[in-house]
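Peer 1: A single structure is presented below for examination.
Numbering (my numbering), first residue to last: 83 to 135.
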């Protein structure tokens, strides 16, 4: 079974998680970002809350 190694694991792809991951990756760290939803951005997104409303 292959094993992936990361320097940092970010839980949540909201604004703060994405910024943190970007800074760490730019500094040369191997970063994994995990998000439970199918869209990233947290509160900084525009999406339909209820279909057809």
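Every residue, glycine too, gets a C-beta built ideally from N, C-alpha and C.
Kindly indicate which three-state DSSP category residue 106 falls into: helix, strand or coil?
Peer 2: Here residue 106 sits in helix by DSSP.
Peer 1: In the DSSP assignment, the beta strand (DSSP E) including residue 114 goes from what residue to what residue?
Peer 2: That run of the beta strand (DSSP E) goes 113-116.
Peer 1: For a test of the three-state rule: what should DSSP assign to residue 124, helix, strand or coil?
Peer 2: Residue state, collapsed to three classes: coil.
Peer 1: For residue 91 and residue 127, what's the separation of their Cα atoms in angstroms?
Peer 2: Cα-Cα distance, rounded: 22 Å.
Peer 1: Taking the continuous beta strand (DSSP E) assigned at residue 167, which residues delimit it?
Peer 2: Absent from the structure is residue 167, since the part of the chain shown begins at 83 and ends at 135.
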